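Residue numbers (our numbering), protein chains in the order written: chain A, 114 to 463; chain B, 114 to 463.
Next comes the structure, spelled out in structure tokens:
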């Protein structure tokens, strides 16, 4: 199915099941609301899967959306572009941070080539959805054509459907792409209507001079997008990255299949704003895995209306925050299903 | 060994290993410091176990310290005292929140009867360290005798040693005791030198009238302790609970054995202040599993110098916050040990 057609058919999670879950929470052997945000997570899972208690997510897949960025030519990062490719081979060899976390939490890692500049050797776990060999420099013109933008979103939608077809019941988002905090800041600036200086951070660690260059590029590219774009897909084409398009499509795909989807840091947050613009109901299926220390992250989550599960001052990407949150999300579901009620346990209510 | 003798022999974790761990973090395939608080956790674990990378904690035990409280007679909680005993049977039957979390994360749960008012039937997983059948009412006089206070701390120390002897390599703290947020608030007020109104919360959910009673009781009992107590153990005797003494001894026992120990909410935080007063170096072995929404918790953690792992607005106790944090603490250790270095992965540094 076409992602843009599918987007029109996505409906919000069930309010009836949300209420039923809230009511069950009050019968469990604990003071009312004492499990805090775990209760909200479990209630939302009930609404998503349409049953109380919710099924416990047990087959997680984490897709690392990778791409390269023409804006690197304007000097927004101290890391060379080849690190994107080198890190992909590190993911495929199991040596990156996200791999360590995935092994501990029983998560399968897939790498989605959305638009890496090099030719990648085929490998197990590598999904080829390459739109082009890196974006154009968004500092000097559109990052991609509208056709490429639509293709990126469609590719992410397809990946979500393929993973759900393979039996995965919760989808986690990761990213890799040297330079990708710059288009992320631009997307957050555009969709949250905030100044570039407010949402542009230091990515993997840049000094004041680089930061000033980055802020200026974000500001001018967003100004250009405001003048020219009328549709969300045109915003992506002007100032986004291929992985942003892929992630947005992935979120819409998860929502279309009524499967929970877990965001990671600012790249996923920015992409979720694009998904929200295309398909507002899709965000009902999304959880904020963590809050990145990148300044755009908290602004994006505020606009999305999502509270993060993990807050550990991370700024790595790869899906590390999403992976860390998985155990907590699954545990929240287990609590609603497995705790004894006051009646069952013979515990006196207050 | 006597806990008070042992306390004198506890030494702080190794600064040399802390520095060595920090240095290894910089060689891993990630931007410097991008794993945020996970790096601090792993570095502290290295310092505790004296090796880089640290051994990954894999045999966790969670001890729920239970006691009853004479102050309930002054009306500080809407829950009847028998709920302490009923919840212990719920723990032993596996129906409480902490049991659900422990099953998911592979944690063994033990219940330590420090001073429950009823006679408990022996059961697997129940450890009998009963000091007395509940404390006296701290609103009208000392909660316990100095001898009982020493006995409670000694009992907790013994439990830690017994668990480490059984092969557990990380100790988690839980609590159960209707009324126990009142002595917790009193201990935080005393040790942090803060006004009762600042540190006294609503426990399992009380209205303004009950809260005012609770604040007044905390204020007057702390005033009495300030006038009479000269040693930490006398503070416990005046205004504490048996589980607070047990938890303090447990923390000192973990430190004595050089094993990490994970705090839960405000009851464990308040008890850690007592452990700190008796044995300052013991806090070097402690992790703050989570930050409770009880107002005393953040004040106590500030005085302890600990940052919480989990922040999900919980206020349940039982060890739920400690249990939730375990996966993250173990994952932090795994990251430092299992991630590839730049050299190993052939990734270019910036």
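Think of the CB as a built atom: it goes at the ideal place given N, C-alpha and C, for glycine as much as any other residue. None of these values were measured; they are calculated from a predicted model.
Chain A contact for residue i (CB, 8 Å cutoff)
i              : result
residue 258(B) : no
residue 424(B) : yes
residue 460(B) : yes
residue 289(B) : no
residue 294(B) : no
residue 135(B) : no
residue 145(B) : yes
residue 441(B) : yes
residue 386(B) : no
residue 173(B) : no
residue 255(B) : no
residue 313(B) : no
residue 193(B) : yes
residue 208(B) : yes
residue 432(B) : no
residue 379(B) : no
residue 222(B) : no
residue 197(B) : no
Residue-level contact to chain B via CB, residue i, 8 Å cutoff
i              : result
residue 200(A) : yes
residue 463(A) : yes
residue 428(A) : yes
residue 140(A) : no
residue 327(A) : no
residue 213(A) : yes
residue 297(A) : no
residue 239(A) : no
residue 347(A) : no
residue 406(A) : yes
residue 124(A) : no
residue 453(A) : yes
residue 203(A) : yes
residue 457(A) : yes
residue 418(A) : no
residue 150(A) : yes
residue 248(A) : no
residue 435(A) : no
Beta-carbon separation (whole angstroms), residue i vs residue j, contact threshold 8 Å
i              : j              : result
residue 421(B) : residue 357(B) : At roughly 20 Å, the Cβ-Cβ gap does not stay under 8 Å, so residue 421(B) and residue 357(B) are not in contact.
residue 277(B) : residue 309(B) : The pair is not a contact, with the Cβ atoms about 37 Å apart (cut-off 8 Å).
residue 218(A) : residue 436(A) : 6 Å
residue 239(B) : residue 432(B) : The Cβ separation is near 15 Å, so there is no contact.
residue 180(B) : residue 354(B) : 5 Å
residue 337(A) : residue 351(A) : 6 Å
residue 294(A) : residue 407(A) : 6 Å
residue 212(B) : residue 222(B) : 6 Å
residue 209(B) : residue 200(B) : 6 Å
residue 185(B) : residue 291(B) : 6 Å
residue 446(A) : residue 167(A) : 5 Å
residue 467(B) : residue 137(B) : With chain B running from 114 to 463 in the structure shown, residue 467(B) is simply not present.
residue 248(B) : residue 229(B) : In fact, because the Cβ distance is near 11 Å, the residues do not count as touching under 8 Å.
residue 170(B) : residue 282(B) : 5 Å
Beta-ladder partner(s) of residue i, from DSSP
i              : result
residue 287(A) : 177(A)
residue 224(A) : 177(A), 239(A)
residue 141(A) : 454(A)
Cβ of residue i within 8 Å of any chain C Cβ
i              : result
residue 157(A) : Reference to chain C is not applicable here, since the protein chains of this structure are A and B.
Which runs of the alpha helix (DSSP H) at least 4 residues long sit entirely within the stretch 362 to 429 of chain B? Give them in chain order.
379 to 391, 408 to 417
Can you list, in chain order, the stretches of the beta strand (DSSP E) that have 3 or more residues and sit fully within the stretch 433 to 461 of chain A?
none
Evaluate the contact criterion for the stretch 155 to 162 of chain B versus the stretch 124 to 144 of chain B: three or more CB pairs, one atom per stretch, below 8 Å.
yes
Entirely enclosed alpha helix (DSSP H) segments - the stretch 241 to 308 of chain B, minimum 4 residues:
259 to 278, 294 to 305
Per the contact definition of three or more C-beta pairs closer than 8 Å, is the stretch 321 to 329 of chain A in contact with the stretch 181 to 189 of chain A?
yes
Check whether the stretch 368 to 380 of chain A and the stretch 239 to 259 of chain A touch, using three or more Cβ-Cβ pairs below 8 Å as the test.
no
Three or more C-beta pairs closer than 8 Å, one from the stretch 358 to 367 of chain B and one from the stretch 260 to 273 of chain B: is that the case here?
yes
Validate contact between the stretch 391 to 398 of chain A and the stretch 138 to 152 of chain A using beta carbons, cut 8 Å, 3 pairs
no
To test your reading of the DSSP string, which unbroken beta strand (DSSP E) runs of 3 or more residues are found completely within the stretch 165 to 212 of chain B?
173 to 180
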